[in-house]
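Counted from 1, the sequence shown has number 269 at position 258 by the numbering used here; the numbering is strictly sequential. By construction, the Cβ of each residue, glycine as well, lies at the ideal position given by its N, Cα and C atoms. Owing to the predicted nature of the structure, the values given are computational and were not obtained by experimental measurement. Accompanying notes for the structure given below.
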Amino acid sequence: MITSRDNEGVRRARRVRDGKADGEIFIEGVRLCEEAARARLHIRDVIRTEDFSREERGARLLSELKREGARLLCVSEKVFASLSDTKTPQGIVVIAERPETDASVLDEALSGAALIVILHRLNNPSNAGAIVRTAEAAGASGIITTVGTTDLFSPKALRGAMGSSFRLPVWAGASFEQSIEWCRERGLRTVCADLRATRAHTEIDWTEPRALVLGSEAHGLSADEIAQADEALLIPMRPPVESLNVAVAAAIILYEAARQRAGVRRQ
Numbered sequence: 012m013i014t015s016r017d018n019e020g021v022r023r024a025r026r027v028r029d030g031k032a033d034g035e036i037f038i039e040g041v042r043l044c045e046e047a048a049r050a051r052l053h054i055r056d057v058i059r060t061e062d063f064s065r066e067e068r069g070a071r072l073l074s075e076l077k078r079e080g081a082r083l084l085c086v087s088e089k090v091f092a093s094l095s096d097t098k099t100p101q102g103i104v105v106i107a108e109r110p111e112t113d114a115s116v117l118d119e120a121l122s123g124a125a126l127i128v129i130l131h132r133l134n135n136p137s138n139a140g141a142i143v144r145t146a147e148a149a150g151a152s153g154i155i156t157t158v159g160t161t162d163l164f165s166p167k168a169l170r171g172a173m174g175s176s177f178r179l180p181v182w183a184g185a186s187f188e189q190s191i192e193w194c195r196e197r198g199l200r201t202v203c204a205d206l207r208a209t210r211a212h213t214e215i216d217w218t219e220p221r222a223l224v225l226g227s228e229a230h231g232l233s234a235d236e237i238a239q240a241d242e243a244l245l246i247p248m249r250p251p252v253e254s255l256n257v258a259v260a261a262a263i264i265l266y267e268a269a270r271q272r273a274g275v276r277r278q
């Protein structure tokens, strides 16, 4: 059992957790680790406590990860607490290879009436993760994040997405202009959420190929960015409420899209 925080494996995991190691991601908690295994991520290291390995669910997961060639490290509770990114550690962390996040992964996912979500300069990882989870649940084809948007594979964003980030294609680090042009070239009409818009989200035809553009929590989208999109929408709200949390807004819009698309499939 490893009892030193200075163990090289522990130090390496800490660097990954803090975003200081390229090409790897830090995944914590039994549910997320199970989702990573199901998604066939390349898991390199598994760090767990002795108590975790005694649990039936934990032992089953560890056995599966070992069969897949992961290196298993057992650490003391104190060492694990120093590594954990949560208030109530569950006793397991895995270090996995970061999934590919370039434009090609989205191209492979496009089919029929595609629905893409573009996140522009969102800086709250919990919000971003929740949007990814909702996007998958509502049937979106993939996600684009622009430069300045929080990393969808950071520990907090991964917890918010609860495994959806491992399955939904992501193109990370595009410029705003690149993302709009990419959609245009592939026949996706872009629609941005804007409090100044005159059309409600229910008035948009979501049965055709679309890309929903969401701006930052604090500033939304600039007038120039809105002008680059094909259409703009708003979610009607009763005064004096003027805005919604971006993850809530995304859920309302995406489920309107899902509702319309489900109606088309039934016809």
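*With a cut-off of 8 Å, do at least 3 Cβ pairs link the region 120 to 128 to the region 69 to 77?*
Result no; under three Cβ-Cβ pairs closer than 8 Å.
*Spatial neighbours of Gly-140 within its chain, please: CB distance less than 6 Å, with the 5 preceding and 5 following residues excluded, ordered by chain position.*
Closer than 6 Å at the Cβ level, and outside the excluded window around Gly-140, lie Ala-168, Gly-171 and Ala-172.
*Would you call the CB atoms of His-212 and Ile-264 closer than 8 Å?*
Ile-264 is positioned such that its CB atom lies closer than 8 Å to that of His-212.
*Please report the residue range of the alpha helix (DSSP H) in which Gly-69 lies.*
Looking at the DSSP string, the run of the alpha helix (DSSP H) that includes Gly-69 is 67 to 78.
_Cβ pair count under 8 Å reaching 3, the region 45 to 61 against the region 79 to 88_ = Contact between the region 45 to 61 and the region 79 to 88 is present, because at least three Cβ pairs lie under 8 Å.
_Among Val-202, Thr-160 and Arg-195, nearest to Gly-184 - alpha-carbon criterion_ = Closest by alpha carbon: Thr-160.
*Distance, Cα to Cα, Arg-221 vs Gln-189?*
Distance from the CA of Arg-221 to the CA of Gln-189, rounded to the nearest whole angstrom, comes to 16 Å.
*For Ile-237, which three-state DSSP category applies?*
Collapsing the DSSP output to three states places Ile-237 in a helix.
_Same chain, Cβ closer than 6 Å to Ser-93, neighbours up to 5 away in sequence not counted_ = Only Arg-16 meet the Cβ criterion.
*asked:* Looking at Ile-246: is its Cβ nearer than 8 Å to the Cβ of Leu-232?
replied: Their beta carbons are not under 8 Å apart, which means Ile-246 does not touch Leu-232 by this criterion.
*Own chain residues within Cβ distance below 6 Å of Val-27, not counting five before or after*: Closer than 6 Å at the Cβ level, and outside the excluded window around Val-27, lie Glu-35, Phe-37 and Ile-106.
*Which two residues bound the contiguous beta strand (DSSP E) that contains Leu-244?*
Segment 242 to 244, the beta strand (DSSP E) holding Leu-244.
*Using beta-carbon positions only, say whether Gly-226 and Leu-43 come within less than 8 Å of one another.*
Cβ atoms of Gly-226 and Leu-43: not closer than 8 Å.
*Close beta carbons around Ala-162, own chain, < 6 Å, minus the five adjacent residues each side*: According to the sequence as given, residue 162 is Asp; it is not Ala. A distance below 6 Å between beta-carbons, with the five flanking residues on each side excluded, links Asp-162 to no residue of its chain.
*I think Glu-267 touches Trp-217, with their Cβ atoms under 8 Å apart; what is that distance to the nearest whole Å?*
About 6 Å; that satisfies the 8 Å criterion.
*Presumed contact (8 Å Cβ cut-off) between Trp-285 and Leu-244, rounded CB distance*: Past the edges of the chain, shown from 12 to 278, lies residue 285, and the structure says nothing about it.
_Taking DSSP's pairing of strands, which residues face Cys-85 in a bridge?_
Note: Cys-85 sits in a beta bridge opposite Arg-59.
*Quick one: what's Phe-37 bridged to in DSSP?*
Paired residue(s): Ile-106.
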